[in-house]
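What follows is a set of notes on a single structure, which appears directly below.
Protein chains: 2
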Amino acid sequence: MNVAALLTSAGINIGICVVLFSLYSILRKQPGNVSVYFGRRLAYRRAKCIDPFCLERFVPSPSWILKAWETTEDELLAVGGLDAVVFLRIVAFSIRIFSVAAVICTFLVLPVNYYGHEGIHKEIPSESLDAFTIKNVKEGSDWLWTHCLALYIITCSSGLLLYFEFKNIAKMRLAHIIGSPTSPSHFAILVRGIPWCAKGSYCDTVKKFFSNYHAASYLSHQMVYKSGTVHKLMNDAEKMCNVFKATSVNQNCMPSFLRCGFCGEPTNSFRKLSDEDTVNGRSSYVDMHLSSRKKECAAAFVFFKTRYAAIVASQVLQSSNPMLWVTDLAPEPHDVYWPNLCIPYRQLWIRKIGTLMASIAFMLVFLVPVTFVQGLTELDKLQLRLPFLRGILKNKFIIQLVTGYLPSVILILFLYAVPPMMMLFSAVEGCISRSGRKKSACYKILYFTIWNVFYVNIFTGSFIRQLDVFSSVKELPSQLAKAVPEQATFFITYVLSSGWASLACELMQFFPLFCNLFSRFILRSKDNSSDCTLSFPYHTEVPRVLLFGFLGFTCSILAPLILPFLLVYFFLAYLVYRNQIINVYVSKYESGGQFWPIAHKTTVFSLVFTQVVALGVFSIKRSTAATGFTIPLIIITLLFHEYCRQRFLPIFNNHVAEVLIKLDRQDEETGRMEEIYKQLHSAYCQLTITSHDSCPSQSLSHQLDRSIQDPESSRQV
Amino acid sequence: MNVAALLTSAGINIGICVVLFSLYSILRKQPGNVSVYFGRRLAYRRAKCIDPFCLERFVPSPSWILKAWETTEDELLAVGGLDAVVFLRIVAFSIRIFSVAAVICTFLVLPVNYYGHEGIHKEIPSESLDAFTIKNVKEGSDWLWTHCLALYIITCSSGLLLYFEFKNIAKMRLAHIIGSPTSPSHFAILVRGIPWCAKGSYCDTVKKFFSNYHAASYLSHQMVYKSGTVHKLMNDAEKMCNVFKATSVNQNCMPSFLRCGFCGEPTNSFRKLSDEDTVNGRSSYVDMHLSSRKKECAAAFVFFKTRYAAIVASQVLQSSNPMLWVTDLAPEPHDVYWPNLCIPYRQLWIRKIGTLMASIAFMLVFLVPVTFVQGLTELDKLQLRLPFLRGILKNKFIIQLVTGYLPSVILILFLYAVPPMMMLFSAVEGCISRSGRKKSACYKILYFTIWNVFYVNIFTGSFIRQLDVFSSVKELPSQLAKAVPEQATFFITYVLSSGWASLACELMQFFPLFCNLFSRFILRSKDNSSDCTLSFPYHTEVPRVLLFGFLGFTCSILAPLILPFLLVYFFLAYLVYRNQIINVYVSKYESGGQFWPIAHKTTVFSLVFTQVVALGVFSIKRSTAATGFTIPLIIITLLFHEYCRQRFLPIFNNHVAEVLIKLDRQDEETGRMEEIYKQLHSAYCQLTITSHDSCPSQSLSHQLDRSIQDPESSRQV
């Protein structure tokens, strides 16, 4: 590939992007697409109505870019939560570091690469791209110190930027905790592995245990029920309603049996009932009690009087059998992944190992079916297998389509299957929170993408040959050093095509747009608010951004031509993701900045990997000085990572006692504690899946309250 | 080597052992050796006097064996602590599992090995030992399922035994905690990384922090001083004493300024002094206050009112900067390794990495100087370098001595340097407790021994070639499969010589015996109680026992002839170590069974290693069935290990809240708390190094009390 071809390719891609971005700026103004492009606003309030027929609607405008650019970080924090801000910080960090790298590499490394070999150069447009890579530098060149210096500058500036980002994000995380003073999750812990007791229900066991060992701080608890049981419980509640009517219970005794079902407290309404000993009511009660016992899981949310007590209970080893009474900090109510709470705790370790193995296997054998399909599409074989195709395949256009297009379509389809697959693995793994599941999937997709895009492309060849590369550890640097510059051209076009195009797709939201058009024009549906709240797909976007960062670091000193294209990608990403966070995605739950440690680790890995490849290159080019200077750089980078791990990571894994105690004191002084306690009871309800504003159990209990006050209306329930 | 030679070697070793054991049974009866062989008893009470001239003293007797055999586990627990019991359990576990292995392998594997090759066998005494190893089985033999079956039986019985041992030892650990109700370490935590405050001393900062955030449970604290400063402080105390006399302070106000110095509480005696404003006294006070501020470390012991509060404070992340206010559970008073407490916490991570690197380097390059020395002892070179030796080296005996003996002496001397070296590394690492240091050294010595005895012997050759073996991961099993049976003979003789001899040496205590003889007959010293309290060297003995277990597992199905010799070793070890624990060693501190997880891990590693080697052997012998059955066994073993890690390990890393709360309640009900609080103040004193019964600061304060009550006697202090 020569420079002219690269520029042509860039031109085509720029054209596509400009067209799509303009199309977006028109489509977003159409009232019918509000649900697609303004999902977040729609979820909270009606978007303003636009005059249906004005010229402005059909003229492309850059207003969304201005809007995205002008939004401040505080607004983003309010709109998208801490995770969104952290994600944008990752993008901003990439912009900063690759600006530095671009300057250094353009003025220092690129000339050395270009003039590295003596001889006559062609005119620049027809010059091969290889002339700009390190391949062009002759062996034993005296100029390799420039590469080494560039490596030092890039590493040092990344280190500095990473350190200050980590520090700032840690601060933001603490500020976020302080700023959300009434978060119920701070008062709650999740207990799993409750021991089965023949005498009482799990509910009784929990109550007994915590009022024995944490008497001073224990407030209440709420059992978790087997999924699918909750709806049945609601039916039981309805039956119970009839029982109430039949026994005409005292109206002054506020009936709170639903709370008993959901929050696990044996309340006096039940007691009253059994004391009165009405045969009808009692038998129903006993039946329901027995059946609800069977439906309880060995898991419960336990609430404490202070935040500090909750964190203490979540961190101390409770029982002399570490598989029982396992305590964790509770996730936010909307963040709880209910189906996983019922998994017996003793299964978790084996599930984790199982899914780890499964994802590694998936990662390694992913290319096997793809290679198989690619092999099949060789026309001779295809014709042999499916003789009826012979007629069709005489057409030249179809031949080109099948041989040139089909394999990549299949590859893309396979790639689209990866995120759901990894999410499935993470769900099977047993994460208790949605954000935890996304984080776990994010790791898996990250490994998967880096492996498949990078290694598989570099070590092209059969699956077994790729693994052979890793069986001899010593030769890895030199093998990589040979392979990476070879593939630099591919990576540049990858950034151009896959990177830029992915942003345009993200902006256009093709799938929701298609669904919307389908429902409006085919199904003739008028309701455009249905199912419009997506949450930001961190598990696919974080790995994507990090992958491009990884490619950038790796190619920076070997093939610096990639850097301008990468910078354009990151600038676009910055604008597009800001726009999407402001307009499209709703943040129902968040992890509190847990994606930054992933980005930090990946960046350090990218740096070390770059250094190892550079080491290989320097030793191939026989520059002992450069090789000698690179080794301490690797050690320093690893030490830096270890320091950051020690200095900042604990804040992301634990809550800080100091902060929580201060919050507790504030609330006690202002007397808000009672209010918070009241909120706690209704915070965690297992039925929130369908609607996210009102808690069904609450609304149900309202209905029941009404039904008891007005017995006639109960038939409507 | 043939069978006859092996039996001869065994005979010689048995002879040596019998002679040494008899010698021991005589020597231990000599009154002069009481300090060598009854150090523990001597430390607590005088050993009974033996009639100096009776025949019994000079007749060998097996009474010590009987005594060692008959002692119950409870007595051992009382005498040697939990660590001793755990160590003996490791030996007993080895006896059990190798009894099973010996039975299986003798009746199942040995005949298959011996008759594995068709052909005429020689008479057994002149048969080569290789005829009993798996080398003798021909390729593609149908009888390899016996080896696979033996492997299954050994793995399953080890798994069962390991599981129940782990369960029992976990129970014993809990019982040990419950059984030591007044341990001061349960009430104390060690705080490091106290932030420097310009206004006040560290002492004030600690007091402020804990009375702010842990007001309900904070009792008091005690600063740690820079080592070397403590003696100076005592001088200051003496000066202060004079100040007291001069200002003639009120006698009713109990002077507790020593507590202020050692326990960090600003007490009223100081306040009184400054209020009275005697110029002389005040200036001294200010001087001392300033100088003691300078000498404080950023570390302190903080005491809490309950055990539960202490454990909570030790586990919660205290500060939003995780490098400040770092809390750990405090070690037992005698277990504290004072010199390390003053290391700034921020240095620790780099120290850990540094010592890890240093020990790996030490491990890898250990054989370089030895090989160098061995090369030097080739006579021609020696003569060339040192011409004056030419005359001496004409003597045949000296030539034999130099070439045959010198290298092994040097090797042994180098090996003797390993434990002190590793202890040094562990000290530099920054362990806060002596038992922690021993545990860390134990790991290092374990890796060192397995590496140097096993790998280096197996892959004989240059240092670089040994590393080459590890660079190709895939070929490791088959390489090991080739190398291990080759070296089986060496391992058998190693068990015979090094194993048995080490036990005899342990029993004889050559070095203390020599020191004792030297002091009695050369120095003519009469005091035989000096320096006689050794603590059990777990860091050398645990790795030794585990190494022999490792050799046993690895050779079990490949060369079953090793098993009887190994069994004898373990039986002897059981008796000898029991005897030593009862009579010789004093347990001043203990880790509470922390050596069992090391033994568990090593045993699982040995099992997996054995299985991998067996896998290699089976694939070399072309038995697909046996290979196929071995792979699931490896997976099951690893899963078993992971289960045990989940199920039992947390108990060894943390204290259990349930247990501590119960203990707290007991003490509160019986009203013993006040008494315990009083003990806490004097429990941790930085001067305990010289004597272990009385705390010097206590005795000093007694003296000072006396000096104040009786001013005249103060001149004697």
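If you read the sequences in order, they're chains C and Y. Sequential numbering of the first sequence, starting at 626, is according to the numbering used here. Sequential numbering of the second sequence, starting at 626, is according to the numbering used here. Positions of the beta carbon are idealized from the N, C-alpha and C atoms, including for glycine.
Proximity of residue i and residue j at Cβ, strictly below 7 Å
i	j	result
Y:PRO956	Y:SER1058	yes
C:PRO685	C:ILE651	yes
Y:ALA775	Y:LEU733	yes
Y:ARG1203	Y:ALA693	yes
C:GLU1283	C:LEU707	no
C:ASN965	C:GLY1055	yes
C:ARG798	C:GLY1217	yes
C:ALA1239	C:THR1255	yes
Y:ILE690	Y:LEU1200	yes
Y:SER719	Y:PHE1195	yes
C:LEU1389	C:ALA1129	Since the first residue shown for chain C is 626 and the last is 1342, residue 1389 of chain C is missing from the structure and cannot be characterised.
C:PHE757	C:LEU1105	no
C:THR952	C:GLN943	yes
Rounded separation between residue i and residue j - CA only
i	j	result
Y:GLN1271	C:PHE1135	46 Å
Y:SER1343	Y:LEU1188	There is simply no residue 1343 of chain Y to check, as chain Y begins at 626 and stops at 1342 in what is shown.
Y:GLY889	Y:ILE1286	Because the pLDDT at Y:GLY889 is just 40, under 50, the model does not fix this residue reliably, and the value given afterwards should be weighed accordingly. Rounded to the nearest angstrom, the two C-alpha atoms are 28 Å apart.
Y:VAL711	Y:PHE1116	27 Å
Y:LYS763	Y:VAL1233	25 Å
C:GLU1100	C:GLN940	45 Å
Y:THR1262	Y:ALA717	21 Å
C:TRP974	Y:LEU844	40 Å
C:PRO687	C:TRP950	57 Å
Y:MET1133	Y:VAL1193	19 Å
C:ALA1371	C:THR1165	One cannot answer for residue 1371 of chain C here, as it falls past the ends of chain C, which runs 626 to 1342.
Y:LEU631	Y:THR1118	8 Å
C:GLU1299	C:ARG1290	13 Å
Y:ALA629	Y:ILE1206	37 Å
Y:LYS796	Y:ARG1149	50 Å
Y:VAL816	Y:PHE926	6 Å
C:THR1158	C:GLY664	6 Å
Y:ILE968	Y:TYR827	15 Å
Y:VAL1078	C:ALA840	56 Å
Y:ILE1035	Y:TRP1076	19 Å
Y:LEU1142	Y:VAL1209	17 Å
Rounded distance between the beta-carbons of residue j and residue i, thought under 8 Å
i	j	result
C:LEU1176	C:VAL1120	7 Å
C:GLY741	C:ASN761	5 Å
C:LEU769	C:LYS1246	6 Å
C:MET570	C:TYR970	No answer is possible for residue 570 of chain C: the residues shown for chain C start at 626 and end at 1342.
Y:THR1235	Y:SER1244	Not confirmed; about 15 Å, so no contact.
Check: residue i C-beta below 6 Å from any heavy atom of the ligand ATP
i	result
Y:GLY1253	By its list of ligands, the structure shown contains no ligand whatsoever, and the ligand ATP lies outside what it can speak to.
For this session: Taking only runs that begin and end inside the segment 933-974 of chain Y, name each unbroken alpha helix (DSSP H) of 4 or more residues, in chain order.
Result: Unbroken alpha helix (DSSP H) runs of no fewer than 4 residues, entirely contained in the segment 933-974 of chain Y, are found at 963-966, following chain order.
Exercise. Is the number of C-beta pairs between the segment 1223-1235 of chain Y and the segment 776-790 of chain Y that are closer than 8 Å three or more?
Worked result: Output reads yes: the segment 776-790 of chain Y touches the segment 1223-1235 of chain Y.
For this session: Decide if the segment 968-988 of chain Y is in contact with the segment 1060-1077 of chain Y; the criterion is three or more beta carbon pairs, one per stretch, under 8 Å apart.
Result: Yes, the segment 968-988 of chain Y touches the segment 1060-1077 of chain Y.
Problem set entry | Three CB pairs or more closer than 8 Å across the segment 1293-1308 of chain C and the segment 808-819 of chain C | Flag = yes, the segment 1293-1308 of chain C and the segment 808-819 of chain C touch.
Exercise. Counting only runs that start and end within the segment 1182-1230 of chain C, where is the alpha helix (DSSP H) found for 4 or more residues in a row?
Worked result: Runs of the alpha helix (DSSP H) spanning 4 or more residues and lying entirely within the segment 1182-1230 of chain C occur at 1187-1208, in chain order.
Exercise. Curious, which full-length beta strand (DSSP E) runs of at least 3 residues does the segment 768-821 of chain C contain?
Worked result: With a minimum length of 3 residues, the continuous beta strand (DSSP E) runs that stay inside the segment 768-821 of chain C are 813-817.
Exercise. Mind pulling the alpha helix (DSSP H) runs of 4 or more residues that sit fully within the segment 1130-1179 of chain Y?
Worked result: You should have 1135-1142.
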